[in-house]
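To start, the structure under review is shown below, and the notes come after it.
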Amino acid sequence: MEEPENNHNSASKVNEGINQPSSINKDALKKIKAKRHKLHSPEFYVDGILKGDRTILSRVITLLESSHQRHYVTSQKIIEKCLPHSAKSIRIGITGIPGVGKSTFIEAFGKYLTSIGRKVAVLAIDPSSEKTKGSILGDKTRMEELANDPNAYIRPTSSAGTLGGVARKTRESLIVCEAAGFDTIIIETVGVGQSEIAVNSMVDFFLLLMLAGAGDELQGIKRGIMEMADAIVITKADGDNVIKSQHAKNEFANALRLFPISESQWIPQVETCSALMKEGMDKIWNLIIEHHNFTKNNGYLEKKRKEQAKFRMYVMIDEILKNKFYGNSEVSKIFPQVEAELLAGKISSYIAAQRLLDAYFNFNR
Ligand code: GDP
Numbered sequence: 000m001e002e003p004e005n006n007h008n009s010a011s012k013v014n015e016g017i018n019q020p021s022s023i024n025k026d027a028l029k030k031i032k033a034k035r036h037k038l039h040s041p042e043f044y045v046d047g048i049l050k051g052d053r054t055i056l057s058r059v060i061t062l063l064e065s066s067h068q069r070h071y072v073t074s075q076k077i078i079e080k081c082l083p084h085s086a087k088s089i090r091i092g093i094t095g096i097p098g099v100g101k102s103t104f105i106e107a108f109g110k111y112l113t114s115i116g117r118k119v120a121v122l123a124i125d126p127s128s129e130k131t132k133g134s135i136l137g138d139k140t141r142m143e144e145l146a147n148d149p150n151a152y153i154r155p156t157s158s159a160g161t162l163g164g165v166a167r168k169t170r171e172s173l174i175v176c177e178a179a180g181f182d183t184i185i186i187e188t189v190g191v192g193q194s195e196i197a198v199n200s201m202v203d204f205f206l207l208l209m210l211a212g213a214g215d216e217l218q219g220i221k222r223g224i225m226e227m228a229d230a231i232v233i234t235k236a237d238g239d240n241v242i243k244s245q246h247a248k249n250e251f252a253n254a255l256r257l258f259p260i261s262e263s264q265w266i267p268q269v270e271t272c273s274a275l276m277k278e279g280m281d282k283i284w285n286l287i288i289e290h291h292n293f294t295k296n297n298g299y300l301e302k303k304r305k306e307q308a309k310f311r312m313y314v315m316i317d318e319i320l321k322n323k324f325y326g327n328s329e330v331s332k333i334f335p336q337v338e339a340e341l342l343a344g345k346i347s348s349y350i351a352a353q354r355l356l357d358a359y360f361n362f363n364r
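Last residue of the sequence shown? That's 364 in numbering that gives the first Met the number 0, and every number before it is there in order.
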């Protein structure tokens, strides 16, 4: 047991220079922390999730984002038990450069969806947290109205770590959200990086937000991302921007026609909306439903979900192998030496890699 800070033997004795008692009861704080970090059985969490308990849902997502082995093991058991209760939602990926209006759009769209009886979970892949340790998505004012909606749940996921890691965490968050009863899942990314490809591997519908009057180079959107889009939505189509948005709609529709027809046979659509004025939300939702029915009827939805499962298996294999390799004690032991020899020009990259891999495989023999 830890010694109390001020060890008085008698209540009447006054110690000289006694510290002011802290306004925080340290013992109570310890208890709260211990309780917060107490790891329950997987069944406890699954029970909470299936009841739609948000506090437990959030705790589970924290667990599956954790790098502690114990948390990882528990979270994998939870995921397995949640799987039969998942796969019932419509999964939408939304991307666009910073400032295009993603959070305003998701808030207006999410509010529209809850108003028609849908339960919406927003998983936002947050690229800022790795570098700054802060988070643009942690900003309290972001999607405040939607965050307070009892039929919506918003959760940012840090994009720190490997792409495979981010994809796994997001994918698993998606499963627990579905098991918790959310029937519409929105995954938000900033459309500048590679995470869109990972997101495309877990959603049914990919929506690209764009602005009128800015060339695509200006908007920083790669052709590959345009090709993945099931719909391009030109947002901020309000005020002076209405006519420009209409022009942009035609331009994008023409540009999309030049792309080869996608495997789903779905022809990507272009729409305009104003998230600020809450206009066009119904049009976009109807489009998503149309796409859902279209791909369900022609068998593509099922095929895509199977391919996604296969893709995830490969991602998992990569992730597990990499973690085992870099976490191996023999590899860690010789790593600095091998790296130093490589940098000194004594050995080639190939030899360096081979030596490290040999150390790993010999260890596991
Ligand atoms: P994000 O960085 O992509 O999430 O963009 P935000 O949603 O934060 O929006 C960036 C800016 O565009 C904010 O100042 C919004 O008020 C503004 N904005 C977003 N949507 C609209 C819209 O539909 N119309 C207009 N006029 N402004 C908008």
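For glycine and all other residues, C-beta sits at the position ideal for the given N, C-alpha and C.
Original post:
Within the chosen definition, does the stretch 74 to 81 reach the stretch 194 to 214 through at least 3 CB pairs nearer than 8 Å?
Top reply: no
Original post:
Given that a residue counts as buried once 16 or more other Cβ atoms are within 10 Å of its Cβ, and exposed if not, what is residue 104?
Top reply: buried
Original post:
Can you give the Cα-Cα distance for residue 284 and residue 304, rounded to whole angstroms?
Top reply: 21 Å
Original post:
Any idea if residue 251 is buried or exposed, counting beta-carbon neighbours within 10 angstroms, 16 or more meaning buried?
Top reply: buried
Subject >> Straight-line Cα distance separating residue 319 from residue 351 >> reply: 22 Å
Original post:
Which partner residues does residue 268 have in the DSSP bridge list?
Top reply: 230
Original post:
Can you tell me where the alpha helix (DSSP H) with residue 315 in it begins and where it stops?
Top reply: 299 to 325
Subject >> Distance cut-off 7 Å: residue 155 Cβ against heavy atoms of the ligand GDP >> reply: no
Original post:
Are three or more beta carbon pairs between the stretch 176 to 186 and the stretch 79 to 91 nearer than 8 Å?
Top reply: yes
**OP:** State yes or no: is the C-beta of residue 186 within less than 8 Å of the C-beta of residue 92?
**Re:** yes
Original post:
At which residues does the beta strand (DSSP E) containing residue 205 begin and terminate?
Top reply: 204 to 209
Subject >> DSSP three-state assignment for residue 95, whether helix, strand or coil >> reply: strand
Subject >> Where residue 365 falls: helix, strand or coil (DSSP) >> reply: Examination of residue 365 is not possible in this model, given that the chain is present from 0 through 364 alone.
Subject >> Per DSSP, cross-strand counterpart(s) of residue 278 >> reply: 273
**OP:** May I ask which residues mark the beginning and end of the alpha helix (DSSP H) holding residue 185?
**Re:** It is not in any alpha helix (DSSP H) - residue 185 instead sits in the beta strand (DSSP E) that spans 183 to 189.
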